[in-house]
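Chains A and B, in that order, are what the protein sequence lines are. So the first sequence is numbered by this note's numbering: it starts at 1 and just counts up by one. So the second sequence is numbered by this note's numbering: it starts at 1 and just counts up by one. What follows is one structure encoded as structure tokens, with my remarks underneath.
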Amino acid sequence: MITDEAVEERGRVSPATEGLTAERIAYLERLVSQARTAAAVFSQFTQDEVDRVVKPMVLAGLEQAQYLARLAVEETRLGVMEDKVIKNMVATEFAYHYVKDKRTVGVIREYPERNLVEVAEPIGVILSLTPITNPTSTVLFKCIMAIKTRNAVIFSPHPKAWNCCSEAVKIMLETAVKHGAPEGVFGCLESHTLQDNAYLMRHKDVALIDATGGPGAVKAAYSSGKPALGVGPGNTPVYLEKSADLSTAVVDIIISKTFDNGTICASEQTVVIDDVIYDLTLKKFAELGAHICNEKETKLLAQTVIDPQTGFMQPMAVGQKATSIARFIGLSVKPKTKLLIVPIQGVGREHPLSVEKLFPVLAVYRAKSVEEALRVCVDVNHAGGLGHTAVIFSRNDEIIRKFGEVINAGRIIINSPGSIGALGAVYNDLVPTFAFGCGTGGGNSTTDNVNIYHYLNIKRLARRTQAHMWFRVPNQIYFNLNAVENVRQFPSRSTIIVTNPALERIGHVDIVRRYIPPETHVHLSVIPDTEPETKVVSETVEALKFYKADQIIALGGGSVIDAAKIMKLKYESPEADLEELAAPFLDLRKRVVEYPTAKVNRARLIAIPTTSGTGSEVTPFAVLTDKQRRRKVTLADYSLSPDVAIVDPQFVMSMPKGLTADTGIDCLTHALEAGVSNYASPYTDSNAMQAIRMVFKYLPVAYEHPGDEEARSMMHNAACIAAMAFSNASVGVNHALAHAFGARFGIAHGRANALMLPHVIAYNAAVPTKFMPSPYQKGYVAHKKYATVADLLGLGGRTVEEKVSKLIAATEQLLDQLEFPRSIAALGISKEEFERTVPELAKTAYDDPSWRSNPRMPLMAELIELFWQAYHGRGPAEASGAPQQAG
Amino acid sequence: MATIAGWQKIDEACIVPALEQAGEKLDCAAGEVVLDFSSVRRVDQGVLQAMEELASVAAEKGVRVVLCGVNVHIYRVLKLMKLTSRFSFLS
Ligand SMILES: NC(=O)c1ccc[n+]([C@@H]2O[C@H](COP(=O)([O-])OP(=O)(O)OC[C@H]3O[C@@H](n4cnc5c(N)ncnc54)[C@H](O)[C@@H]3O)[C@@H](O)[C@H]2O)c1
Ligand SMILES: [Fe+2]
Chain A
1 MITDEAVEER GRVSPATEGL TAERIAYLER LVSQARTAAA VFSQFTQDEV DRVVKPMVLA
61 GLEQAQYLAR LAVEETRLGV MEDKVIKNMV ATEFAYHYVK DKRTVGVIRE YPERNLVEVA
121 EPIGVILSLT PITNPTSTVL FKCIMAIKTR NAVIFSPHPK AWNCCSEAVK IMLETAVKHG
181 APEGVFGCLE SHTLQDNAYL MRHKDVALID ATGGPGAVKA AYSSGKPALG VGPGNTPVYL
241 EKSADLSTAV VDIIISKTFD NGTICASEQT VVIDDVIYDL TLKKFAELGA HICNEKETKL
301 LAQTVIDPQT GFMQPMAVGQ KATSIARFIG LSVKPKTKLL IVPIQGVGRE HPLSVEKLFP
361 VLAVYRAKSV EEALRVCVDV NHAGGLGHTA VIFSRNDEII RKFGEVINAG RIIINSPGSI
421 GALGAVYNDL VPTFAFGCGT GGGNSTTDNV NIYHYLNIKR LARRTQAHMW FRVPNQIYFN
481 LNAVENVRQF PSRSTIIVTN PALERIGHVD IVRRYIPPET HVHLSVIPDT EPETKVVSET
541 VEALKFYKAD QIIALGGGSV IDAAKIMKLK YESPEADLEE LAAPFLDLRK RVVEYPTAKV
601 NRARLIAIPT TSGTGSEVTP FAVLTDKQRR RKVTLADYSL SPDVAIVDPQ FVMSMPKGLT
661 ADTGIDCLTH ALEAGVSNYA SPYTDSNAMQ AIRMVFKYLP VAYEHPGDEE ARSMMHNAAC
721 IAAMAFSNAS VGVNHALAHA FGARFGIAHG RANALMLPHV IAYNAAVPTK FMPSPYQKGY
781 VAHKKYATVA DLLGLGGRTV EEKVSKLIAA TEQLLDQLEF PRSIAALGIS KEEFERTVPE
841 LAKTAYDDPS WRSNPRMPLM AELIELFWQA YHGRGPAEAS GAPQQAG
Chain B
1 MATIAGWQKI DEACIVPALE QAGEKLDCAA GEVVLDFSSV RRVDQGVLQA MEELASVAAE
61 KGVRVVLCGV NVHIYRVLKL MKLTSRFSFL S
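Below you can see the structure in the form of structure tokens.
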């Protein structure tokens, strides 16, 4: 048995004990064990119990907002106390507003129309690294998220913000436990070292690392081998475009950039200003308390606040006031100066101030054109800000859209302050957060504003859906003797009759002409007696165009009707690419290619079959022969279905015996394959079963007595009825084999089907080597369906197995009666030649879409085996190692 | 709390004492004790700790602890705590 331990061992990352004493390891283990137990206990909580803990925590956070802000400023010596209060309040109140009504336990969302249900699964133990810049607000926020999602957190605060963070954790923990949360749900690492973090990051019981902070912490999180939510630094470009509301923009930028002395990593770093508003903008900044640095001051500033070695900001400047920074470098500025503005001429190492500056120093760039402005913004974005945040002030939607396209940032803030805007829920509808995902651009796993859904494993319960099915046939089908008279009711200015020379000779065309209204111009397109070819089609399409035809009458067998379908397609939509439309597909509804809907011309297609087999008069299929490649191409789309079908038996009285047999067996194959198809439905079953009964009863009569009107009429209807079944349920592997074989050896379609039929019934009735995935069917029913057919035919038999055998025997008997050659060998094809061809035949058959609806998924080897069975013509009952029947 | 030799019903109101009591009686258990958890709906840290201890003592003494009627939510908690392999389960 595979033990839990073994499974765990497989995914485990090796522990990182380097540099740790045994005592320290024991301490860390205690911390994890406590969190793990808390998380396990917490997993039993209900939504109500969770929510009862969250609210008091939020209230406690709000109550202690000022206290914690003060602690943070005192300890970290950066930022603005008043702003930190706001941050603490946003982290609690706004987070609560977002999460309070959200479900995070059990079923969290339901999509009844998609039969999908989402269920929440807590993560377990989260290791959370928090930054120096937003210390207490990040802790408060993460505590609320963790409780809402039933997770335990071990905090590892920035060492220089440990006191204030641990105090925040303490307040949250006490409140949570008081209101029912498990003891130990939050822990805080004491005086930690990088080794501690490394150990915890690789600990087997830590499920997720949530690292908010500098690049080092984020990188460590991602390299630990654990799932991580690392969100890192930014470099926010701002485009101040000439159409912007300048007064609002300047105030927004000042609010944002000076908020907590610029410590929020989403705050503005470089403002790219359109030339025409540049001077005015700087004037406004100056009026509102910014100091615009001259070249010398800018240079001095760059040397001081940016590390010349690394090119990154100096930590000592982070979160400091503008005046303090000015004083530090000996710059004389007005006492209430809020912001130092530094003009830069480019982005990159030669322009040190173009990087992230988490203090109130803001770079500005004068852009001569929109293109230049966007380019510089892209440069800033790529200079350390990928995936993070960007800001645009503009009233020009086109430019805003373009900015959104070229800038890679998880948050693109429009006409509002960047830092507070990115936090979400204040200036916009972004999800409130204190962790900004920076996507792959920033080496992160998400561009989202991290929130509760990142603290959950969301499980999806996907119920089996019953895909919609359909039953589509032409809405006008006229049948029985003299049904052709109905041609009269279709007005037309110009009609083209497509037919074969033989049918013209017999006089069938004259019969049809008789019923065409006299005012209609009628032209004849007599196409060769063979299956449709591309060249023939294009010639007739030219004629259709020339005569501006509005009606096509296809009078003939499947070949003529199929040709007419393709002619209509090319006439109505000349751009249709037949090769492309015949592209392979697995499911008709998800097929890649789309049939054209835009029509240049419109023509009604009336199909009058003169054979009783293909049923092409009602089907959405057209088979085209690719002479060069010796293969058949099947086009399938309901737009190909004729508009009107006229099933008049007078046109089939002239069919010679061979054609009667061939087409009759094609019809039987359609019905049998539709009957067991994975797309079969009660609608198609009723047609398939009825057609099978009619074929067994009337085909032998029509064959023996070609002049028997009733038998001819019934066979003609049977072909159409079977076609209605397979138009919607499709066919199967029999057709795939017959198409491949028929095309290769020039064997008529029905005859090729006949050679395969008994073998395919036995094949489908056996336990499949591979089942075909199908949402439409429940269980494997092909053998039972065949048994039902045997019952309908009154063949007897007690078990399903016996009934299937009887059906095969009856089919064989019918084929014998119709004097079919009963093996491929009997056609005079030598074994050697066949042997050479079989691998290719199997490949062609495998590419044929016909088998996609077959109940059993054919394997290549099985296709080859079926071909050989057909070659030898052994009755499947006698075949050695005959497949076993499915129960 | 009902006690039959080798079989003990665990009452949700006092799980920890019951587990401790079971631990004390391991010496006289004939190779196996059965603890009936069917009326327990939830476990807390204290219970988990007591179970951990019971499992250790039982292992030392070579006694098999069979838990019966454990609901699947508790079973999952035991799984999260890697405790399932240390007990036998009977439904
Ligand atoms: N579109 C579909 O749904 C569908 C279905 C199955 C088969 N097919 C295709 O149909 C074609 C086969 O059609 P088919 O079996 O009707 O044969 P067919 O149309 O090729 O006709 C065979 C021959 O019989 C002649 N003929 C037709 N009607 C006659 C009549 N009443 N009296 C005397 N001669 C007559 C024709 O002129 C032709 O020479 C193949 O290309 C096959 O792939 C299409
Ligand atoms: Fe066919």
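Here a beta-carbon is modelled for each residue, glycine too, at the ideal position from N, C-alpha and C.
Chain-order list of chain A residues neighbouring B:Met81: Arg36, Thr37, Ala40, by C-beta distance under 8 Å. B:Ser56 and B:Gly23 have their C-alpha atoms some 10 Å from each other. For the pair A:Phe155 and A:Pro237, the Cα-to-Cα distance works out to about 32 Å. Not flagged as an interface residue toward chain B: A:Gly437, since no C-beta distance is shorter than 8 Å. When 8 Å is used as the limit between beta carbons, A:Gln44 is near these residues of chain B: Arg42, Val43, His73, Ile74, Val77, in chain order.
Taking the Cβ atoms as the reference, A:His739 lies roughly 7 Å from A:Ser850, within the contact range of under 8 Å. The beta carbon of A:Val473 is closer than 7 Å to those of Val618, Met724, Ser727 in its chain, skipping five residues each way along the sequence.
Between ligand 2 and the CB of A:Asp666, the shortest heavy atom gap is smaller than 7 Å. Annotated three-state conformation of A:Ile692 is helix, per DSSP. At a beta-carbon threshold of 8 Å, the residues of chain A lying near B:Leu48 are Thr37, Ala40, Val41, ordered along the chain.
A:Thr614 has its CB nearer than 7 Å to a heavy atom of ligand 2. DSSP, reduced to helix, strand and coil, places A:Arg70 within a helical segment of the structure shown. Inclusion of A:Gln195 and A:Leu20 in the CB contact set at 8 Å is warranted, their separation being smaller than that value. At a threshold of 7 Å, A:Thr669 counts as near ligand 2, since its beta carbon sits closer than that to one of the ligand's heavy atoms. Here DSSP, grouped into helix, strand and coil, assigns A:Pro157 to strand. Close partners of A:Pro112 in chain B (Cβ separation under 9 Å) are lacking, with about 26 Å as the shortest Cβ gap. Between A:Lys148 and A:Val54, the gap from beta carbon to beta carbon is short of 8 Å. In the structure shown, the three-state DSSP call for A:Trp470 is coil. Separation of the CB atoms of A:Leu386 and A:Gly441 is rounded to 3 Å, and the pair is thereby assigned contact status at 8 Å. Separation of A:Tyr27 and A:Glu82 (C-alpha to C-alpha, rounded to the nearest whole angstrom) is 37 Å. Partner residues in the beta bridge of A:Phe621, as assigned by DSSP, are A:Ala636.
Using a Cβ distance threshold of 8 Å, A:Val342 and A:Thr281 do not count as a contacting pair.
At least one heavy atom of ligand 2 is found less than 7 Å from the C-beta of A:His749.
Secondary structure of A:Lys459 (DSSP, three-state): strand. Contact of A:Pro182 with chain B is assigned, a C-beta pair being separated by under 8 Å. Within its own chain, the residues whose Cβ lies closer than 8 Å to the Cβ of A:Ala782, once the five positions on either side in sequence are excluded, are Val676, Asn764, Ala765, Pro855, Arg856, Ala886, listed in chain order. At the C-beta level, A:Phe436 and A:Val218 stay beyond 8 Å of one another. DSSP places B:Val33 in the strand class (E or B) of the three-state scheme. In terms of Cβ geometry, A:Asp205 and A:Val32 form a close pair [threshold 8 Å]. Between A:Thr811 and A:Ile761, the C-beta spacing is below 8 Å. Under the three-state reduction of DSSP, A:Gln309 is assigned to coil, being neither helix nor strand. No residue range can be given for A:Leu386, since it is assigned to no alpha helix (DSSP H) and is classified by DSSP as neither H nor E. When beta bridges are read from the DSSP output, A:Phe771 appears opposite A:Arg856. If you look at A:Ser494, you'll find it in the beta strand (DSSP E) that goes 494-499.
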